[in-house]
Amino acid sequence: MDDASVEVLQDKGEEKVILMDETIKFLKQKFSEYYKNNELIYPARFGRREFGFMFFDREGMTRHIGFNTRNEIKDFLVKNAPMHVYHSSAYYEKPDAQTMAQKKWLGADLIFDLDADHIEKAKGLNYDEMLNVVKKETLKLLENFILDDFGFDEKHVSVNFSGGRGYHIHVTDPKIFSLDSSARREIVDHVEGIGFDTEKMIYGRSYREHDLDMRSRTNVKIVKMVDPNAGGWEGRFCRGMISFTEEMEKISKEEAIKKLSSYIKKKTAKKIAGGIYEDLFEGKTGDRRIDKIKKGNIDIFSKTIHLDTFRDIVLNREKVTITKRGAGAADEPVTSDIKRLIRMNTSLHGKTGLKVMQIKLDELKKFNPLNDAVVFQDEPVNIKLIKPVEISMRKKNFDLKKGEITVPEFLGIFLMGRGFAVKE
Amino acid sequence: MSLSMLASYPFLHEAVEYIKKNGPALDEIMNEKAYGRARTLGKMRVKEALEYAEIKEHDFSTETNQLMELLSYITARILVSCVNDSFLTRRYALAESKRMHLRLQNEKPDFVVMVGKEFGFDAEKEGENTKICFTDYLGYSSGIKNIEWKLVNRKIKKGYVILAEKEFARLIQESLRKRIESELPLPVNNEILKVFKSEISEIKNMTDERKKMFMPKTLGKISIMNFPPCMRHLLGMMQEGENVSHSGRFALTTFLHAVGMDAEQILSLFSSASDFDEHKSRYQIEHITGKISGTEYTPPECATMKTYGLCINEDDLCKMEWMTHPLKYYRTKGKKR
Numbered sequence: 400m401d402d403a404s405v406e407v408l409q410d411k412g413e414e415k416v417i418l419m420d421e422t423i424k425f426l427k428q429k430f431s432e433y434y435k436n437n438e439l440i441y442p443a444r445f446g447r448r449e450f451g452f453m454f455f456d457r458e459g460m461t462r463h464i465g466f467n468t469r470n471e472i473k474d475f476l477v478k479n480a481p482m483h484v485y486h487s488s489a490y491y492e493k494p495d496a497q498t499m500a501q502k503k504w505l506g507a508d509l510i511f512d513l514d515a516d517h518i519e520k521a522k523g524l525n526y527d528e529m530l531n532v533v534k535k536e537t538l539k540l541l542e543n544f545i546l547d548d549f550g551f552d553e554k555h556v557s558v559n560f561s562g563g564r565g566y567h568i569h570v571t572d573p574k575i576f577s578l579d580s581s582a583r584r585e586i587v588d589h590v591e592g593i594g595f596d597t598e599k600m601i602y603g604r605s606y607r608e609h610d611l612d613m614r615s616r617t618n619v620k621i622v623k624m625v626d627p628n629a630g631g632w633e634g635r636f637c638r639g640m641i642s643f644t645e646e647m648e649k650i651s652k653e654e655a656i657k658k659l660s661s662y663i664k665k666k667t668a669k670k671i672a673g674g675i676y677e678d679l680f681e682g683k684t685g686d687r688r689i690d691k692i693k694k695g696n697i698d699i700f701s702k703t704i705h706l707d708t709f710r711d712i713v714l715n716r717e718k719v720t721i722t723k724r725g726a727g728a729a730d731e732p733v734t735s736d737i738k739r740l741i742r743m744n745t746s747l748h749g750k751t752g753l754k755v756m757q758i759k760l761d762e763l764k765k766f767n768p769l770n771d772a773v774v775f776q777d778e779p780v781n782i783k784l785i786k787p788v789e790i791s792m793r794k795k796n797f798d799l800k801k802g803e804i805t806v807p808e809f810l811g812i813f814l815m816g817r818g819f820a821v822k823e
Numbered sequence: 035m036s037l038s039m040l041a042s043y044p045f046l047h048e049a050v051e052y053i054k055k056n057g058p059a060l061d062e063i064m065n066e067k068a069y070g071r072a073r074t075l076g077k078m079r080v081k082e083a084l085e086y087a088e089i090k091e092h093d094f095s096t097e098t099n100q101l102m103e104l105l106s107y108i109t110a111r112i113l114v115s116c117v118n119d120s121f122l123t124r125r126y127a128l129a130e131s132k133r134m135h136l137r138l139q140n141e142k143p144d145f146v147v148m149v150g151k152e153f154g155f156d157a158e159k160e161g162e163n164t165k166i167c168f169t170d171y172l173g174y175s176s177g178i179k180n181i182e183w184k185l186v187n188r189k190i191k192k193g194y195v196i197l198a199e200k201e202f203a204r205l206i207q208e209s210l211r212k213r214i215e216s217e218l219p220l221p222v223n224n225e226i227l228k229v230f231k232s233e234i235s236e237i238k239n240m241t242d243e244r245k246k247m248f249m250p251k252t253l254g255k256i257s258i259m260n261f262p263p264c265m266r267h268l269l270g271m272m273q274e275g276e277n278v279s280h281s282g283r284f285a286l287t288t289f290l291h292a293v294g295m296d297a298e299q300i301l302s303l304f305s306s307a308s309d310f311d312e313h314k315s316r317y318q319i320e321h322i323t324g325k326i327s328g329t330e331y332t333p334p335e336c337a338t339m340k341t342y343g344l345c346i347n348e349d350d351l352c353k354m355e356w357m358t359h360p361l362k363y364y365r366t367k368g369k370k371r
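Listed in order, the protein sequences are those of chains A and B. Every letter in the first sequence is one number past the one before it in our numbering, and letter 9, counting from 1, is 408. Every letter in the second sequence is one number past the one before it in our numbering, and letter 203, counting from 1, is 237.
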């Protein structure tokens with residue numbers, strides 16, 4: 400399915416059970432009760448949005464649904480108790496029309512989907528650790544890009560826990576409503592540093608053929624670099640370049656020289672590498688030439704070949720590594736799609752029973768989904784677990800054995816949703 | 035604003051108001067002898083746009099000439115609308131916007147900012163530079179195919195993009211181009227079609243001639259030596275069985291198809307890949323070459339290749355300023371040999 404913010408909790412290689420009728424009946428009943436007894440938050444301009452649903456007992460997705468009042472939405476949720484609830488990021492003249500052309504697109508929020516599935520660093524971790532990595536990425540995207548580079552006002556930015564394995568950022572500044580897909584792709588490219596041109600990071604003429612004596616040219620600035628404090632990618636890349644260089648000092652001199660020579664395809668590689676190393680790191684801390692680079696002065700090399708090699712390493716050979724350090728994570732297809740469906744705030748995620756919920760920006764750091772997004776209570780429920788599970792939920796640790804057991808409802812629903820258990 | 039300014043920037047709302055207030059009415063422009071020069075100039079505007087993608091300067095010395103110049107903009111737009119051919123509309127929009135850009139370069143910064151307002155840019159001067167909201171920037175920059183226009187390569191600060199004077203003028207050019215493209219064709223009635231009958235057929239013929247020149251020429255015998263580095267790299271990867279991204283496969287397939295290979299030939303080129311899946315590859319290739327989908331996709335241009343990280347091993351020819359498309363590279367290399 401390419402409607403995606405439809406995340407699926409994939410547990411590759413793990414055993415799964417097919418939900419039985421009893422289980423489905425139980426989950427539906429619980430979900431319906433939740434929708435009935437709780438105050439829901441409906442998206443702004445809900446009447447202009449398309450809604451889509453997936454159900455416990457039906458294949459595929461039901462979409463192109465429009466609602467006129469909040470009560471209609473609530474009634475629908477109580478009656479049908481869907482497994483997943485989505486609405487469009489877009490606004491339409493006729494949200495319930497069957498084709499996009501008939502819907503007549505009016506504009507769309509800007510959405511960033513941060514999901515463990517798309518974040519390299521989150522691969523192979525357990526649920527807890529994985530959510531932490533995704534949270535870190537969310538904070539980076541928010542602080543460095545959404546609030547800083549793009550300068551969006553906090554009142555137009557909301558972060559939702561997805562109920563599954565990530566976070567969604569919604570930007571609702573009217574300035575972005577009309578941006579088309581290619582403009583949104585530019586935003587993604589900016590976040591990820593794609594297409595960043597490093598050429599102008601270090602600019603100006605390189606030294607002349609015969610190297611001048613270091614002392615005699617102290618006042619002659621020939622080569623310059625971008626200010627590390629500059630805004631946007633210029634400064635970001637510059638800082639990345641500096642931290643990349645500094646790391647070479649943390650390893651032993653021999654190792655650093657070995658690493659540096661690996662970039663050089665010349666017989667004299669080792670000599671050049673040694674020269675670069677000395678140019679950068681000789682002297683006392685705070686007084687070394689790397690410290691000058693940190694202040695934005697690149698004119699510190701004793702030989703042309705040192706500068707040229709250093710420049711080639713940081714601007715070309717290690718361009719991708721350095722860019723990645725500063726880059727944020729953005730799922731390109733989600734952000735550039737102007738018709739995407741996204742989970743509704745305060746709805747339940749059918750594969751965890753956790754609540755999709757908005758988190759205040761200053762509370763994101765301490766947000767713990769396995770405690771804060773749990774909505775069900777602790778009445779006992781009998782389930783049959785198909786594999787042993789160790790988990791911490793609601794600040795309690797559970798070490799569960801395979802087989803028939805009794806657990807609190809919130810945990811039972813989580814395990815059934817994930818397909819680790821069935822209702823007994 | 036003076037009449038000469040209005041004639042120079044006839045798309046400004048002040049120009050529209052001027053004519054509304056002082057006339058002449060449309061049927062006067064169309065029929066009266068006094069406005070013959072406006073009609074001739076209007077036709078010239080369109081013809082120059084077609085031929086050179088620019089509009090030449092005409093005599094501006096008297097008030098009458100200035101008025102005729104202003105009215106010729108209206109006539110030109112009507113003529114383009116009558117012919118109603120998207121190729122012509124695009125080329126005309128390009129020429130008009132290029133002319134404005136040229137003129138803006140001799141204007142004072144404040145005036146440029148004012149023209150920007152016409153297109154909704156809330157621009158502010160910041161020293162030598164102009165700063166605009168990045169969302170306004172994105173609305174138009176994505177139409178400019180140079181890597182330096184990517185947002186990632188721009189100075190951006192708290193939602194504002196900082197542009198040099200010249201760059202801001204270039205962005206306004208893009209806005210005018212898009213505006214004209216979206217405004218035209220205007221609705222025309224039978225009377226208009228009748229009055230301009232000969233002009234319309236003349237421009238139509240010229241348009242068809244021009245279009246032919248832009249048609250892809252047969253590329254002759256396919257020579258891998260003439261492939262741009264990016265395509266050679268992709269083909270190499272494909273044949274080595276390395277993992278090529280979806281966008282990479284798309285770029286390569288469309289390119290091979292454009293240089294004259296059919297689906298079978300492309301399939302056989304790919305078949306040396308270790309993970310070659312004939313059924314799947316055939317489906318993809320036939321989709322891209324139009325056999326299944328009915329749409330023949332064209333290869334992405336250099337800017338897009340760059341965006342997807344597919345632009346690799348740029349050589350001197352790639353670095354030429356005018357080099358914008360992998361197919362252009364292939365043709366140029368072919369001619370050199």
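Ideal Cβ positions, reconstructed from N, Cα and C, are used throughout, including at glycine. On a predicted model such as this, the values are computed, not experimentally measured, just so you know.
Under the three-state DSSP convention, the category residue i falls into
| i | result |
| --- | --- |
| residue 726 of chain A | coil |
| residue 355 of chain B | coil |
| residue 628 of chain A | coil |
| residue 272 of chain B | helix |
| residue 239 of chain B | helix |
| residue 139 of chain B | coil |
| residue 772 of chain A | coil |
| residue 464 of chain A | strand |
| residue 486 of chain A | strand |
| residue 295 of chain B | coil |
| residue 652 of chain A | helix |
Sequence-distant residues of the same chain with beta carbon closer than 6 Å to residue i, five excluded per side
| i | result |
| --- | --- |
| residue 662 of chain A | 712 and 716 |
| residue 677 of chain A | none |
| residue 544 of chain A | 590 and 727 |
| residue 640 of chain A | 713 and 721 |
| residue 460 of chain A | 451 and 453 |
Residues of its chain near residue i, where Cβ-Cβ distance is below 8 Å and the 5 sequence neighbours each way are ignored
| i | result |
| --- | --- |
| residue 87 of chain B | 125, 128, 129 and 132 |
| residue 82 of chain B | 88, 89, 90 and 129 |
| residue 466 of chain A | 445, 446, 450, 472 and 475 |
| residue 203 of chain B | 135, 138, 139 and 146 |
Proximal residues to residue i (C-beta, below 7 Å), its chain only, five neighbours per side dropped
| i | result |
| --- | --- |
| residue 117 of chain B | 234, 237, 238 and 241 |
| residue 333 of chain B | 285, 288, 289, 292, 360 and 361 |
| residue 209 of chain B | 153 and 174 |
| residue 194 of chain B | 165, 166, 167 and 168 |
Whole-number beta carbon distance between residue j and residue i, since they are thought to touch under 8 Å
| i | j | result |
| --- | --- | --- |
| residue 38 of chain B | residue 100 of chain B | 5 Å |
| residue 493 of chain A | residue 439 of chain A | At roughly 24 Å, the Cβ-Cβ gap does not stay under 8 Å, so residue 493 of chain A and residue 439 of chain A are not in contact. |
| residue 763 of chain A | residue 498 of chain A | Contact flag wrong, Cβ pair sits at about 38 Å. |
| residue 745 of chain A | residue 754 of chain A | 6 Å |
| residue 365 of chain A | residue 340 of chain B | It is not possible to answer for residue 365 of chain A, since the shown part of chain A is limited to 400 through 823. |
| residue 319 of chain B | residue 263 of chain B | Wrong, their Cβ atoms sit about 23 Å apart, outside the cutoff. |
| residue 150 of chain B | residue 206 of chain B | 6 Å |
| residue 441 of chain A | residue 480 of chain A | With 8 Å as the limit, residue 441 of chain A and residue 480 of chain A do not qualify as a contact, their Cβ atoms being about 17 Å apart. |
Checklist line | Against chain B: residues of the region 565 to 591 of chain A by CB proximity under 9 Å | finding: 572, 574, 575, 577, 578, 579, 581, 582, 583, 584, 585, 586, 588, 589, 590 and 591
Notebook entry, point to check: Listed in chain order, which residues of the region 630 to 655 of chain A have Cβ atoms closer than 9 Å to some Cβ of chain B?
Noted result: Cβ contacts with chain B come from 630, 631, 632 and 633.
Notebook entry, point to check: Going along the chain, which residues of the region 536 to 570 of chain A sit with their C-beta nearer than 8 Å to a C-beta in chain B?
Noted result: 547, 548, 549, 550 and 551
Next item on the list: Would you list, in chain order, the members of the region 337 to 364 of chain B that have their beta-carbon closer than 7 Å to a beta-carbon of chain A?
Entry: Of all residues in the region 337 to 364 of chain B, 340, 341 and 343 have a Cβ within less than 7 Å of some Cβ in chain A.
Notebook entry, point to check: Is the region 217 to 224 of chain B in contact with the region 104 to 115 of chain B, if contact means three or more CB pairs nearer than 8 Å?
Noted result: yes
Note to self: By the 9 Å beta-carbon criterion, what residues does the region 271 to 304 of chain B contribute toward chain A?
What the structure shows: none
Checklist line | Contact list for the region 184 to 213 of chain B against chain A, Cβ threshold 8 Å | finding: 184, 185, 186, 187, 188, 189, 190, 191, 192, 193 and 194
Checklist line | Any 3 or more C-beta pairs closer than 8 Å across the region 550 to 566 of chain A and the region 515 to 534 of chain A | finding: yes
Checklist line | Contact residues within the region 758 to 789 of chain A, judged by C-beta distance below 8 Å to chain B | finding: none
Notebook entry, point to check: When the Cβ atoms of the region 590 to 597 of chain A are set against those of the region 721 to 733 of chain A, are three or more pairs found closer than 8 Å?
Noted result: Touching, yes, given that three or more Cβ pairs across the two stretches are closer than 8 Å.
Checklist line | Touch test, the region 196 to 208 of chain B against the region 156 to 163 of chain B, Cβ-Cβ under 8 Å, three pairs minimum | finding: yes
Item checked: Short-range partners of chain B found in the region 702 to 730 of chain A, where Cβ spacing is below 7 Å -> Within the region 702 to 730 of chain A, no residue has a Cβ that lies closer than 7 Å to any Cβ of chain B.
Check: If contact means a Cβ-Cβ distance below 7 Å, which residues of the region 150 to 162 of chain B contact chain A?
Finding: If the cut-off is 7 Å between Cβ atoms, the region 150 to 162 of chain B has nothing near chain A.
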